[in-house]
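Heads up: the sequence shown runs through residues 241 to 583, numbered per my numbering.
For reference, the structure discussed in these notes is given below.
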Amino acid sequence: MKLSARDTANYFRKPDLNGSGILIYGEDPMRVAIKRAEVVKALIGQNGEKEMRLTRHSVAELAASPGILSDTIRTIGFFSGARVALIEEANDKIYQAVEIASKEWKVGDAQIIVTAAYLRPSSKLRKLFEGHKTLRAAAVYDNPPTVEEFQQALQSAGLKNINQDSKSTLKSLSFELGPGDFQQLLNKISLFKLGDDTPLSLEDIMLCAPASTEADLNDLIGIVAEGRYTEINSQLRRLEAQGTTAVTICINTLRHFKTLYLAASDPDGPSTGLKKVTPPVFGPRQERLLRQIQNWGLVKLEIALKRITSTDLVLRSANQNAPPMALVERMLIQLAMLSQGKK
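Pasting the structure below:
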(Lines of atoms letter the chains of each structure in order from A and count residues from 1; the text may use other names and numbers.)
(Lines give C-alpha, C1' and ligand atoms only; values in the text may rest on other atoms or scores of the structure.)
Protein backbone atom coordinates (compact mmCIF):
# COMPACT_ATOMS: atom_id res chain seq x y z
CA MET A 1 0.00 0.00 0.00
CA LYS A 2 1.31 3.41 -0.96
CA LEU A 3 1.04 5.88 1.92
CA SER A 4 0.10 9.53 1.41
CA ALA A 5 2.20 12.25 3.06
CA ARG A 6 -0.31 12.56 5.91
CA ASP A 7 -0.62 8.80 6.41
CA THR A 8 3.18 8.51 6.37
CA ALA A 9 3.60 10.97 9.27
CA ASN A 10 0.95 9.13 11.30
CA TYR A 11 2.49 5.73 10.53
CA PHE A 12 5.98 6.75 11.68
CA ARG A 13 4.60 7.89 15.03
CA LYS A 14 2.25 4.92 15.49
CA PRO A 15 3.03 1.98 13.18
CA ASP A 16 0.27 -0.48 12.32
CA LEU A 17 1.08 -3.71 14.16
CA ASN A 18 -1.36 -5.54 11.90
CA GLY A 19 0.81 -4.62 8.93
CA SER A 20 3.84 -6.67 8.00
CA GLY A 21 6.25 -3.80 7.39
CA ILE A 22 7.23 -0.68 5.49
CA LEU A 23 9.60 0.47 2.74
CA ILE A 24 11.08 3.95 3.35
CA TYR A 25 12.86 5.42 0.35
CA GLY A 26 14.14 8.80 -0.85
CA GLU A 27 17.08 10.70 -2.33
CA ASP A 28 18.33 12.17 0.97
CA PRO A 29 19.93 9.40 3.11
CA MET A 30 19.71 11.54 6.27
CA ARG A 31 15.96 12.11 5.92
CA VAL A 32 15.42 8.39 5.27
CA ALA A 33 17.58 7.47 8.29
CA ILE A 34 15.64 9.83 10.58
CA LYS A 35 12.31 8.32 9.54
CA ARG A 36 13.73 4.80 9.91
CA ALA A 37 14.92 5.60 13.44
CA GLU A 38 11.52 7.08 14.28
CA VAL A 39 9.51 4.08 13.18
CA VAL A 40 11.92 1.54 14.74
CA LYS A 41 11.80 3.42 18.07
CA ALA A 42 7.99 3.52 17.90
CA LEU A 43 7.93 -0.25 17.40
CA ILE A 44 10.53 -1.58 19.83
CA GLY A 45 11.27 1.38 22.12
CA GLN A 46 14.57 2.76 23.36
CA ASN A 47 15.95 -0.60 24.58
CA GLY A 48 14.75 -2.80 21.73
CA GLU A 49 18.18 -3.31 20.18
CA LYS A 50 19.79 -4.09 23.55
CA GLU A 51 17.06 -6.66 24.13
CA MET A 52 17.89 -8.27 20.77
CA ARG A 53 14.48 -7.44 19.30
CA LEU A 54 16.14 -5.83 16.28
CA THR A 55 17.76 -8.05 13.64
CA ARG A 56 19.74 -6.49 10.78
CA HIS A 57 20.21 -8.17 7.41
CA SER A 58 22.40 -7.04 4.52
CA VAL A 59 21.29 -6.99 0.90
CA ALA A 60 24.02 -9.47 -0.06
CA GLU A 61 22.92 -11.87 2.68
CA LEU A 62 19.26 -11.90 1.60
CA ALA A 63 20.12 -12.04 -2.09
CA ALA A 64 22.17 -15.19 -1.47
CA SER A 65 19.67 -16.81 0.94
CA PRO A 66 16.16 -15.32 0.52
CA GLY A 67 14.65 -17.66 3.12
CA ILE A 68 16.61 -16.11 5.99
CA LEU A 69 14.16 -13.22 6.32
CA SER A 70 11.23 -15.60 6.81
CA ASP A 71 13.13 -17.35 9.61
CA THR A 72 13.90 -14.00 11.26
CA ILE A 73 10.34 -12.72 11.34
CA ARG A 74 9.10 -15.93 13.00
CA THR A 75 11.91 -16.32 15.55
CA ILE A 76 10.84 -15.36 19.08
CA GLY A 77 13.59 -14.05 21.34
CA PHE A 78 14.08 -14.14 25.10
CA PHE A 79 12.56 -10.67 25.67
CA SER A 80 8.88 -9.98 25.07
CA GLY A 81 7.66 -7.17 22.84
CA ALA A 82 7.52 -6.21 19.19
CA ARG A 83 10.42 -7.23 16.95
CA VAL A 84 11.94 -5.73 13.82
CA ALA A 85 13.84 -7.18 10.86
CA LEU A 86 15.79 -4.30 9.31
CA ILE A 87 17.33 -4.11 5.83
CA GLU A 88 19.08 -0.83 4.90
CA GLU A 89 20.34 0.47 1.54
CA ALA A 90 18.08 -2.03 -0.17
CA ASN A 91 17.40 -2.61 -3.86
CA ASP A 92 15.58 -5.13 -6.07
CA LYS A 93 18.02 -7.87 -5.07
CA ILE A 94 15.99 -8.47 -1.89
CA TYR A 95 12.67 -8.67 -3.76
CA GLN A 96 12.42 -12.45 -3.45
CA ALA A 97 13.27 -12.48 0.25
CA VAL A 98 10.61 -9.87 1.07
CA GLU A 99 8.03 -11.53 -1.18
CA ILE A 100 8.48 -14.90 0.55
CA ALA A 101 8.47 -13.39 4.05
CA SER A 102 5.38 -11.23 3.39
CA LYS A 103 3.41 -14.29 2.24
CA GLU A 104 4.26 -16.16 5.43
CA TRP A 105 3.92 -13.18 7.80
CA LYS A 106 1.33 -13.39 10.60
CA VAL A 107 0.29 -10.90 13.27
CA GLY A 108 2.87 -11.12 16.06
CA ASP A 109 5.79 -11.77 13.70
CA ALA A 110 8.60 -9.24 13.39
CA GLN A 111 7.97 -6.12 11.34
CA ILE A 112 9.94 -5.88 8.08
CA ILE A 113 11.54 -2.43 7.84
CA VAL A 114 13.35 -1.66 4.58
CA THR A 115 15.16 1.56 3.63
CA ALA A 116 16.45 2.52 0.20
CA ALA A 117 17.60 5.41 -1.94
CA TYR A 118 15.19 6.71 -4.57
CA LEU A 119 13.44 3.83 -6.33
CA ARG A 120 11.86 4.28 -9.74
CA PRO A 121 8.16 3.35 -10.12
CA SER A 122 9.32 0.35 -12.18
CA SER A 123 11.32 -1.06 -9.24
CA LYS A 124 10.14 -4.58 -8.36
CA LEU A 125 10.72 -3.92 -4.65
CA ARG A 126 8.74 -0.69 -4.70
CA LYS A 127 5.91 -2.32 -6.66
CA LEU A 128 5.80 -5.16 -4.13
CA PHE A 129 5.35 -2.82 -1.15
CA GLU A 130 2.90 -0.50 -2.94
CA GLY A 131 0.71 -3.33 -4.20
CA HIS A 132 0.69 -5.51 -1.07
CA LYS A 133 -2.23 -5.57 1.38
CA THR A 134 -0.15 -5.51 4.59
CA LEU A 135 3.12 -3.93 3.42
CA ARG A 136 3.45 -0.14 3.25
CA ALA A 137 5.59 2.14 1.04
CA ALA A 138 6.55 5.67 2.09
CA ALA A 139 8.48 8.14 -0.06
CA VAL A 140 10.58 10.71 1.82
CA TYR A 141 11.04 13.92 -0.18
CA ASP A 142 13.50 16.80 0.25
CA ASN A 143 10.72 19.12 1.37
CA PRO A 144 10.84 21.50 4.35
CA PRO A 145 9.18 20.17 7.51
CA THR A 146 5.44 20.56 7.84
CA VAL A 147 3.94 22.41 10.82
CA GLU A 148 3.14 19.03 12.38
CA GLU A 149 6.70 17.73 11.88
CA PHE A 150 8.15 20.96 13.27
CA GLN A 151 6.01 20.75 16.42
CA GLN A 152 6.90 17.08 16.80
CA ALA A 153 10.62 17.90 16.60
CA LEU A 154 10.27 20.54 19.35
CA GLN A 155 8.31 18.12 21.51
CA SER A 156 10.85 15.31 21.03
CA ALA A 157 13.63 17.67 22.13
CA GLY A 158 11.62 18.67 25.21
CA LEU A 159 11.38 22.35 24.19
CA LYS A 160 8.15 23.90 25.46
CA ASN A 161 8.70 27.42 26.82
CA ILE A 162 9.24 29.23 23.50
CA ASN A 163 7.97 32.71 22.61
CA GLN A 164 6.69 33.50 19.12
CA ASP A 165 9.86 35.27 17.89
CA SER A 166 12.04 32.35 18.94
CA LYS A 167 9.64 29.86 17.38
CA SER A 168 9.71 31.81 14.08
CA THR A 169 13.52 31.77 14.15
CA LEU A 170 13.59 28.01 14.76
CA LYS A 171 11.08 27.53 11.95
CA SER A 172 13.35 29.51 9.63
CA LEU A 173 16.34 27.39 10.68
CA SER A 174 14.34 24.20 10.02
CA PHE A 175 13.99 25.39 6.42
CA GLU A 176 17.67 26.25 6.04
CA LEU A 177 19.30 23.33 7.85
CA GLY A 178 19.14 19.71 6.83
CA PRO A 179 16.93 17.51 9.04
CA GLY A 180 19.89 15.93 10.84
CA ASP A 181 21.56 19.29 11.55
CA PHE A 182 18.28 20.78 12.73
CA GLN A 183 17.70 17.87 15.12
CA GLN A 184 21.25 18.32 16.47
CA LEU A 185 20.53 22.02 16.99
CA LEU A 186 17.37 21.23 18.98
CA ASN A 187 19.24 18.69 21.11
CA LYS A 188 22.00 21.24 21.75
CA ILE A 189 19.43 23.88 22.77
CA SER A 190 17.73 21.34 25.03
CA LEU A 191 21.02 20.67 26.85
CA PHE A 192 21.81 24.40 26.95
CA LYS A 193 18.44 25.12 28.64
CA LEU A 194 18.64 22.16 31.04
CA GLY A 195 17.54 23.43 34.45
CA ASP A 196 16.67 26.86 33.02
CA ASP A 197 12.91 27.54 33.11
CA THR A 198 13.06 30.95 31.42
CA PRO A 199 11.58 31.24 27.90
CA LEU A 200 13.89 30.33 25.03
CA SER A 201 15.33 33.60 23.69
CA LEU A 202 16.81 34.54 20.33
CA GLU A 203 20.18 34.89 22.06
CA ASP A 204 19.93 31.29 23.31
CA ILE A 205 19.26 30.08 19.76
CA MET A 206 22.11 32.09 18.24
CA LEU A 207 24.56 30.74 20.82
CA CYS A 208 23.67 27.18 19.80
CA ALA A 209 23.09 27.65 16.06
CA PRO A 210 25.82 26.65 13.59
CA ALA A 211 27.85 29.46 12.08
CA SER A 212 26.73 28.52 8.55
CA THR A 213 23.25 27.39 7.52
CA GLU A 214 23.45 26.01 4.01
CA ALA A 215 25.36 29.16 3.10
CA ASP A 216 26.59 27.85 -0.26
CA LEU A 217 23.06 26.95 -1.38
CA ASN A 218 21.71 30.35 -0.32
CA ASP A 219 24.62 32.02 -2.11
CA LEU A 220 23.79 30.15 -5.31
CA ILE A 221 20.12 31.16 -5.19
CA GLY A 222 21.14 34.77 -4.49
CA ILE A 223 23.46 34.68 -7.51
CA VAL A 224 20.60 33.43 -9.71
CA ALA A 225 18.03 35.92 -8.37
CA GLU A 226 20.47 38.78 -8.95
CA GLY A 227 21.29 37.71 -12.50
CA ARG A 228 24.98 36.89 -11.97
CA TYR A 229 24.88 33.97 -14.40
CA THR A 230 28.66 33.82 -14.94
CA GLU A 231 29.10 32.73 -11.29
CA ILE A 232 26.61 29.87 -11.36
CA ASN A 233 28.88 27.10 -12.63
CA SER A 234 31.58 27.43 -9.96
CA GLN A 235 29.03 27.67 -7.13
CA LEU A 236 27.11 24.68 -8.48
CA ARG A 237 30.27 22.56 -8.66
CA ARG A 238 31.01 23.40 -5.02
CA LEU A 239 27.54 22.27 -3.94
CA GLU A 240 27.79 19.11 -6.04
CA ALA A 241 31.10 18.27 -4.35
CA GLN A 242 29.38 18.63 -0.96
CA GLY A 243 26.78 16.05 -2.00
CA THR A 244 23.87 18.44 -2.58
CA THR A 245 21.36 16.87 -4.98
CA ALA A 246 19.76 18.48 -8.01
CA VAL A 247 16.30 18.02 -6.46
CA THR A 248 17.38 19.84 -3.28
CA ILE A 249 18.65 22.79 -5.32
CA CYS A 250 15.43 22.84 -7.35
CA ILE A 251 13.21 22.74 -4.24
CA ASN A 252 15.11 25.55 -2.52
CA THR A 253 15.11 27.68 -5.67
CA LEU A 254 11.35 27.18 -6.03
CA ARG A 255 10.83 28.13 -2.37
CA HIS A 256 12.86 31.35 -2.81
CA PHE A 257 10.99 32.45 -5.94
CA LYS A 258 7.63 31.61 -4.37
CA THR A 259 8.59 33.94 -1.52
CA LEU A 260 9.46 36.69 -4.00
CA TYR A 261 6.21 36.16 -5.91
CA LEU A 262 3.98 36.13 -2.82
CA ALA A 263 5.60 39.31 -1.51
CA ALA A 264 5.47 41.03 -4.92
CA SER A 265 1.74 40.27 -5.27
CA ASP A 266 0.78 41.42 -1.76
CA PRO A 267 -1.82 44.24 -1.94
CA ASP A 268 -0.06 46.11 0.87
CA GLY A 269 3.29 46.03 -0.91
CA PRO A 270 6.35 43.73 -1.01
CA SER A 271 7.71 44.87 2.35
CA THR A 272 4.49 43.87 4.11
CA GLY A 273 4.31 40.71 2.02
CA LEU A 274 7.74 39.54 3.22
CA LYS A 275 6.51 39.82 6.81
CA LYS A 276 3.52 37.61 6.01
CA VAL A 277 5.41 34.69 4.44
CA THR A 278 6.40 31.63 6.49
CA PRO A 279 8.88 32.13 8.01
CA PRO A 280 8.69 35.96 7.92
CA VAL A 281 11.66 37.87 6.49
CA PHE A 282 13.28 40.77 8.39
CA GLY A 283 16.53 42.74 8.50
CA PRO A 284 19.27 42.66 5.84
CA ARG A 285 17.73 39.66 4.08
CA GLN A 286 14.46 41.57 3.68
CA GLU A 287 16.34 44.46 2.04
CA ARG A 288 18.08 42.07 -0.35
CA LEU A 289 14.82 40.36 -1.31
CA LEU A 290 13.09 43.70 -1.86
CA ARG A 291 15.82 44.65 -4.35
CA GLN A 292 15.30 41.31 -6.12
CA ILE A 293 11.52 41.84 -6.28
CA GLN A 294 11.98 45.30 -7.71
CA ASN A 295 14.25 43.91 -10.43
CA TRP A 296 12.07 40.92 -11.33
CA GLY A 297 8.47 42.15 -11.21
CA LEU A 298 5.40 39.91 -11.23
CA VAL A 299 5.49 38.91 -14.89
CA LYS A 300 9.08 37.60 -14.86
CA LEU A 301 8.51 35.92 -11.48
CA GLU A 302 5.55 34.00 -12.95
CA ILE A 303 7.73 32.84 -15.83
CA ALA A 304 10.47 31.82 -13.37
CA LEU A 305 8.06 29.74 -11.27
CA LYS A 306 6.82 27.91 -14.38
CA ARG A 307 10.38 27.07 -15.46
CA ILE A 308 11.40 25.84 -12.00
CA THR A 309 8.25 23.73 -11.62
CA SER A 310 8.75 22.26 -15.08
CA THR A 311 12.34 21.28 -14.24
CA ASP A 312 11.25 19.78 -10.92
CA LEU A 313 8.69 17.59 -12.71
CA VAL A 314 11.31 16.43 -15.20
CA LEU A 315 13.74 15.56 -12.38
CA ARG A 316 11.10 13.41 -10.67
CA SER A 317 9.90 11.77 -13.89
CA ALA A 318 10.45 8.04 -14.29
CA ASN A 319 11.42 8.59 -17.94
CA GLN A 320 14.11 11.17 -17.19
CA ASN A 321 17.57 10.07 -18.36
CA ALA A 322 19.48 13.36 -18.69
CA PRO A 323 22.02 14.21 -15.94
CA PRO A 324 19.98 15.90 -13.17
CA MET A 325 22.62 18.50 -12.30
CA ALA A 326 22.93 19.52 -15.97
CA LEU A 327 19.16 20.12 -16.11
CA VAL A 328 19.30 22.26 -12.98
CA GLU A 329 22.30 24.23 -14.22
CA ARG A 330 20.52 25.05 -17.48
CA MET A 331 17.44 26.19 -15.55
CA LEU A 332 19.47 28.40 -13.19
CA ILE A 333 21.32 30.07 -16.06
CA GLN A 334 18.02 30.68 -17.86
CA LEU A 335 16.58 32.28 -14.71
CA ALA A 336 19.61 34.48 -14.16
CA MET A 337 19.52 35.66 -17.78
CA LEU A 338 15.78 36.26 -17.50
CA SER A 339 16.36 38.62 -14.58
CA GLN A 340 18.62 40.63 -16.88
CA GLY A 341 15.94 40.78 -19.56
CA LYS A 342 17.63 38.13 -21.70
CA LYS A 343 15.83 35.03 -23.03
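Ideal placement from N, C-alpha and C gives every residue a C-beta, glycine not left out.
Mapping DSSP to helix, strand and coil, what is residue i?
{"i": "Thr409", "result": "helix"}
{"i": "Ala558", "result": "coil"}
{"i": "Gln534", "result": "helix"}
{"i": "Arg570", "result": "helix"}
{"i": "Thr488", "result": "helix"}
{"i": "Gly261", "result": "strand"}
{"i": "Ala465", "result": "helix"}
{"i": "Ala397", "result": "coil"}
{"i": "Arg525", "result": "helix"}
{"i": "Ala282", "result": "helix"}
{"i": "Arg360", "result": "coil"}
{"i": "Lys254", "result": "coil"}
{"i": "Leu375", "result": "strand"}
{"i": "Thr248", "result": "helix"}
{"i": "Asp552", "result": "helix"}
{"i": "Thr470", "result": "helix"}
{"i": "Val380", "result": "coil"}
Quick test of your reading: residue i and residue j, contact by CB under 8 Å. State the CB separation rounded to the nearest angstrom.
{"i": "Ala576", "j": "Ile472", "result": "6 Å"}
{"i": "Asn192", "j": "Leu457", "result": "With the chain covering 241 to 583 only, the question about residue 192 has no answer from this structure."}
{"i": "Ala282", "j": "Arg253", "result": "6 Å"}
{"i": "Leu538", "j": "Ala503", "result": "Not really, about 10 Å apart at Cβ, beyond 8 Å."}
{"i": "Lys333", "j": "Val299", "result": "5 Å"}
{"i": "Val324", "j": "Leu263", "result": "No, Val324 and Leu263 are not in contact; Cβ-Cβ is about 14 Å, not under 8 Å."}
{"i": "Leu555", "j": "Cys490", "result": "6 Å"}
{"i": "Ser342", "j": "Thr374", "result": "7 Å"}
{"i": "Val464", "j": "Leu572", "result": "5 Å"}
{"i": "Gly266", "j": "Ala393", "result": "About 18 Å separates the two Cβ atoms, so there is no contact after all."}
{"i": "Lys242", "j": "Ala357", "result": "Actually they are not in contact, since the Cβ atoms of Lys242 and Ala357 sit about 18 Å apart, beyond 8 Å."}
{"i": "Leu476", "j": "Glu569", "result": "6 Å"}
{"i": "Leu494", "j": "Leu514", "result": "So it is not a contact: roughly 17 Å between Cβ atoms."}
Using the beta-carbon count (16 or more within 10 Å), is residue i buried or exposed?
{"i": "Ile313", "result": "buried"}
{"i": "Gln351", "result": "buried"}
{"i": "Lys546", "result": "exposed"}
{"i": "Pro439", "result": "exposed"}
{"i": "Val347", "result": "exposed"}
{"i": "Thr518", "result": "exposed"}
{"i": "Leu553", "result": "exposed"}
{"i": "Ala562", "result": "exposed"}
{"i": "Gln580", "result": "exposed"}
{"i": "Phe497", "result": "buried"}
{"i": "Thr470", "result": "exposed"}
{"i": "Asp436", "result": "exposed"}
{"i": "Ile429", "result": "buried"}
{"i": "Thr604", "result": "Nothing about residue 604 can be read from this structure; the chain reaches only from 241 to 583."}
{"i": "Ser260", "result": "buried"}
{"i": "Arg360", "result": "exposed"}
{"i": "Ala544", "result": "buried"}
{"i": "Ala337", "result": "buried"}
{"i": "Leu578", "result": "buried"}
{"i": "Asp349", "result": "buried"}
{"i": "Ser310", "result": "buried"}
{"i": "Gln532", "result": "buried"}
{"i": "Thr484", "result": "buried"}
{"i": "Ile327", "result": "buried"}
Return the chain-ordered ranges of every alpha helix (DSSP H) run that is complete within the stretch 432-462 and spans a minimum of 4 residues.
Listed in chain order, the complete alpha helix (DSSP H) runs (minimum 4 residues) inside the stretch 432-462 are 442-448.
Below 8 Å, can you find three or more Cβ-Cβ pairs linking the stretch 291-299 to the stretch 362-377?
Two segments are said to touch when three or more pairs of C-beta atoms, one from each, lie closer than 8 Å; by this definition the stretch 291-299 does not touch the stretch 362-377.
Mind pulling the alpha helix (DSSP H) runs of 4 or more residues that sit fully within the stretch 493-519?
Taking only runs of at least 4 residues, the alpha helix (DSSP H) segments lying wholly in the stretch 493-519 are 510-516.
Would you say the stretch 433-453 touches the stretch 507-520, given that touching needs at least three Cβ pairs under 8 Å?
In short, these stretches do not touch, since the Cβ pair count stays below three.
Stretch-stretch touch, CB-based, cutoff 8 Å, three pairs: the stretch 416-429 with the stretch 385-401
The stretch 416-429 vs the stretch 385-401: in contact.
Threshold first: 4 residues or longer. Then list the alpha helix (DSSP H) segments lying entirely within the stretch 284-351, N to C.
The qualifying runs are 299-304, 307-314, 335-344.
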